[in-house]
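Residue numbers (this note's numbering), protein chains in the order written: chain A, 329 to 499; chain B, 1335 to 1525.
Every residue, glycine too, gets a C-beta built ideally from N, C-alpha and C.
Every value quoted in this text rests on a predicted model; they were computed, and no experiment measured them.
Report on one structure; see the data block that follows.
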């Protein structure tokens, strides 16, 4: 039977990528990303004793990471940004219309970034999970709402993004 | 905007080297231990003080009933404050970040909301201290007792009122924004 310290190290090592990506999505600067990363680790430590394995470890980690990011900004939560770059995987899932030519150039990405940051805090959190490549069921488990509700919200956000992007110079 | 696409150098992000991880874990264990000791020590301090007060009431050669009643009022008020302190300390130190986001926000909204219940929960202790104070004071003086009672109420409840107002201002500055934020996010989720 492993002790808490070993369990914690194991969990962090196995989920480091996820945690880093979530921090990168939501923290506005490198310094904030480091701070948020530390906060997430602290909250994982604090919640580890209560983890009974009744959800997937990945889901559990995502919940802690997203909850931490939502509370990290404190009173400044409205300024929470959703940061993407050309290397962000699953970017195509935001503009998932198969008819689109998905060769995202620098300008298009910048416009997408601007549009993403117009979203509400919750919509940003949702899109962050979409960018992680999670299924609607997994997102529903993390957010705590029903799957149909998640599907409707994501569809609405994508439609809004698509129509906002179509108004840009690269139409 | 700070993060232009493609400009973030991943290697600069602190990925917690083994030394950093060990240092973090050591700090976390220290904090856990400190919190545990703090709660345990506070519990023992209150228990010991309660015991001492009760003992003083029992063995006090002064059989003055009014003083005893006054003492009992202070002791019960003290015990009630200790329970209230324990309740809020637990609530704030056991925030569960592994809950689904909807549940976490719901709990956060409940935690940061100022309700009449939050105020009423302290009222029994406030009133008991007032009773204890009043009884002690009027018993010491036999002149103009009604006037003294009124004066004590005015000063005591003015002090309580000012404290309450300061508490409200602190809540408004620190916790109301968090409450408003949680409510807004819940509305966004439910829409």
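In the structure shown, what three-state DSSP assignment does residue i receive?
i: residue 492 of chain A; result: helix
i: residue 438 of chain A; result: helix
i: residue 462 of chain A; result: coil
i: residue 1425 of chain B; result: helix
i: residue 381 of chain A; result: coil
i: residue 1437 of chain B; result: helix
i: residue 347 of chain A; result: helix
i: residue 1487 of chain B; result: helix
i: residue 1337 of chain B; result: Its pLDDT being 34, under 50, residue 1337 of chain B is placed unreliably in this model, and the coordinates cannot settle the point.
i: residue 410 of chain A; result: coil
i: residue 357 of chain A; result: coil
i: residue 425 of chain A; result: Since pLDDT at residue 425 of chain A reaches only 46, below the 50 mark, its modelled position is unreliable, and the value read off the structure follows with that caveat. Here residue 425 of chain A sits in coil by DSSP.
i: residue 1431 of chain B; result: coil
i: residue 443 of chain A; result: helix
Go ahead and label residue i buried or exposed: buried means 16 or more other beta carbons lie within 10 angstroms of its beta carbon, across all protein chains shown.
i: residue 1459 of chain B; result: buried
i: residue 1492 of chain B; result: exposed
i: residue 400 of chain A; result: buried
i: residue 491 of chain A; result: exposed
i: residue 395 of chain A; result: buried
i: residue 373 of chain A; result: buried
i: residue 1398 of chain B; result: exposed
i: residue 1428 of chain B; result: exposed
i: residue 355 of chain A; result: buried
i: residue 452 of chain A; result: buried
i: residue 1521 of chain B; result: exposed
i: residue 1450 of chain B; result: exposed
Cβ of residue i within 8 angstroms of Cβ of residue j?
i: residue 1516 of chain B; j: residue 1446 of chain B; result: yes
i: residue 1523 of chain B; j: residue 450 of chain A; result: yes
i: residue 485 of chain A; j: residue 478 of chain A; result: no
i: residue 1465 of chain B; j: residue 1407 of chain B; result: yes
i: residue 1418 of chain B; j: residue 1456 of chain B; result: yes
i: residue 350 of chain A; j: residue 383 of chain A; result: no
i: residue 439 of chain A; j: residue 493 of chain A; result: yes
i: residue 375 of chain A; j: residue 392 of chain A; result: yes
i: residue 353 of chain A; j: residue 437 of chain A; result: no
i: residue 1413 of chain B; j: residue 1390 of chain B; result: no
i: residue 468 of chain A; j: residue 460 of chain A; result: no
i: residue 385 of chain A; j: residue 339 of chain A; result: yes
i: residue 489 of chain A; j: residue 441 of chain A; result: no
I want to verify the contact list: residues of chain C whose CB lies under 8 angstroms from the CB of residue i, in sequence order.
i: residue 1446 of chain B; result: This model lacks chain C altogether, as its protein chains are A and B.
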